[in-house]
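The structure appears right after this line, and notes come after that.
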Amino acid sequence: MLKNFWYAIEFSHEVERRPRKVTCLGQDFVIWRRRDGSVACLSDLCVHRGGALSMGEMVEDRIACPYHGWEYEADGACVRIPANPPGRGIPKKARVDAYPVQEKYGLVWAYLGDLPEEQRPPIPHVPEHADPSFRPVYWQTVLEANYERAMENAIDAAHTPFVHRTIMGNPDKPEIPDYEVHQSEWHAQADVLLHPPASKGLWRMLSRKRVEPVVVTNSWYLPNVVKLHIRLAFGDLIMYDHNIPLSQNRTLVKLVGYRNFFTGKWADRNAIKRIVRIFEQDRRVVESQRPELLPFDLAAELHLRSDATQIAYRRRRQELIDQGWWLGDDDKVMGDVPRREATVIASPARRDNPELARAWVHKTRGETYEPARSAE
Ligand SMILES: [Fe+2]
862 MLKNFWYAIE
872 FSHEVERRPR
882 KVTCLGQDFV
892 IWRRRDGSVA
902 CLSDLCVHRG
912 GALSMGEMVE
922 DRIACPYHGW
932 EYEADGACVR
942 IPANPPGRGI
952 PKKARVDAYP
962 VQEKYGLVWA
972 YLGDLPEEQR
982 PPIPHVPEHA
992 DPSFRPVYWQ
1002 TVLEANYERA
1012 MENAIDAAHT
1022 PFVHRTIMGN
1032 PDKPEIPDYE
1042 VHQSEWHAQA
1052 DVLLHPPASK
1062 GLWRMLSRKR
1072 VEPVVVTNSW
1082 YLPNVVKLHI
1092 RLAFGDLIMY
1102 DHNIPLSQNR
1112 TLVKLVGYRN
1122 FFTGKWADRN
1132 AIKRIVRIFE
1142 QDRRVVESQR
1152 PELLPFDLAA
1162 ELHLRSDATQ
1172 IAYRRRRQEL
1182 IDQGWWLGDD
1192 DKVMGDVPRR
1202 EATVIASPAR
1212 RDNPELARAW
1222 VHKTRGETYE
1232 PARSAE
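When we follow my numbering, the leftmost residue of the sequence shown carries the number 862, and every step to the right adds one.
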């Protein structure tokens, strides 16, 4: 699992005033919508006795821990400790990690890392979201599988004739012509030629009788997003899969599907039904893959030319591992039964304030933080 990226953690339409618990990278967060409409994201771990802030209540724009009522601002600072007699100060260490948040493309994104703003990798651009010719649908599911296995499945064109033979694969034409992978620092994409059978049901109304091969564009965006652009004879279906690691072996998939045909609300259910049918075919395969985790050694599995997009991902991931961005050898998420330990991903404020950084390390486990040498 990679830190230092923006992660989509929730659909915007799910986030209200009341606190909500979300999980990503094996860690819990509390998010809520402030009165100015912005969303706050804190570590869901009260620094006092480890209460889950997400079970607490809002006091104006602050969240109050359900255990002893400590009140935290959106920047993570505790500003009220009810047990303290009047006039007693708040300890400087009374603060939880706060994560930068952006709302984009119908999703709430949190920056899970400690890099300063100018060094953070970008949120993937979704041009369809602002394009009025497209209509989105939103869907999510939990997969009992590792998020990278899920991601590789989504960018893998060669499984379509086998796993999806009843919907969009064509077992008589399983060949994948060689394709080129176009890669940049945070993204890779490839156009692959597929031979799907004719659409059935509602979408058949739009299909011509003879089905041409279609170009499917498969892309990944680090750390966990896959974009599939399927050019049907009658329009475009563009799906963004956000593969959110709940732990090493559980993934929350949040999917946004854009289409520029049948753009009335009435056709949403049908579009979701099709996405779910495809997804459930993948689920069987991905949940049974062994080993559960994606190998680190490229040579541990066999690769063909048709796997080039996945190989590009594995190589790029290795570079980031070498750079120290990997989280994941923590036994909390490695075992079958997760233990309830308290780990916190270092937030940007720790880098800005080495004094706090040192204080917090005592309070948290898992993530170690070295204060910048210049600040010593
Ligand atoms: Fe699939």
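Built from N, CA and C at the ideal position, the CB exists for glycine as well.
beta-carbon residue i near ligand 1 non-hydrogen atom, thresh 6 Å
i, result
"Asp-1183", "no"
"Asp-889", "no"
"Val-1024", "yes"
"Asp-1168", "no"
"Asp-1102", "no"
"Asp-1143", "yes"
Beta bridge counterpart(s) of residue i as assigned by DSSP
i, result
"Trp-1000", "Leu-1116"
"Gln-888", "Cys-885"
"Cys-939", "Tyr-933"
"Tyr-1101", "Lys-1088, Val-1117"
"Met-919", "Ile-924"
"Leu-973", "Phe-866"
Beta-carbon contacts of residue i that lie in its chain and below 8 Å, excluding the five residues immediately before and after
i, result
"Gly-1196", "Residue placement at Gly-1196 is poorly supported in this model, since its pLDDT is 42, which falls under 50; the coordinates are not used for a value here."
"Ala-1049", "Val-1042, His-1043, Ser-1080, Trp-1081, Thr-1170, Ala-1173, Tyr-1174, Arg-1177"
"Glu-1162", "Pro-1156"
Neighbourhood of residue i by C-beta, 7 Å cutoff - its chain only, sequence neighbours within 5 removed
i, result
"Ile-984", "Trp-867, Gln-963, Lys-965, Trp-970"
"Arg-956", "Val-908, Gly-937, Ala-938, Cys-939, Leu-1217"
"Trp-1186", "Leu-863, Lys-864, Asn-865"
"Gly-917", "Pro-880, Ile-924, Ala-925, Cys-926, Pro-927"
"Ile-1016", "Asn-1079, Trp-1081, Val-1087, Thr-1170, Gln-1171"
Contact set for residue i: own chain, Cβ-Cβ below 6 Å, skip 5 residues either direction
i, result
"Pro-1209", "Asp-975"
"Asp-922", "Arg-895, Arg-896"
"Glu-871", "Val-883, Val-969"
"Pro-943", "Gly-930"
"Pro-982", "Phe-866, Trp-1047"
"Met-1029", "Pro-1057"
### Message
Under 8 Å: do the region 881-899 and the region 1169-1183 share three or more Cβ pairs, one atom per stretch?
### Response
no
### Task
Spell out a yes or no on whether the region 1124-1140 and the region 1020-1029 are touching, meaning 3 or more CB-CB pairs, one atom from each, closer than 8 Å.
yes
### Message
Contact between the region 1058-1069 and the region 986-1006 is defined here as three or more beta-carbon pairs at a separation below 8 Å; is this criterion met?
### Response
no
### Task
For the region 1147-1158 and the region 1005-1014, state whether three or more C-beta atom pairs, one from each stretch, are separated by less than 8 Å.
yes
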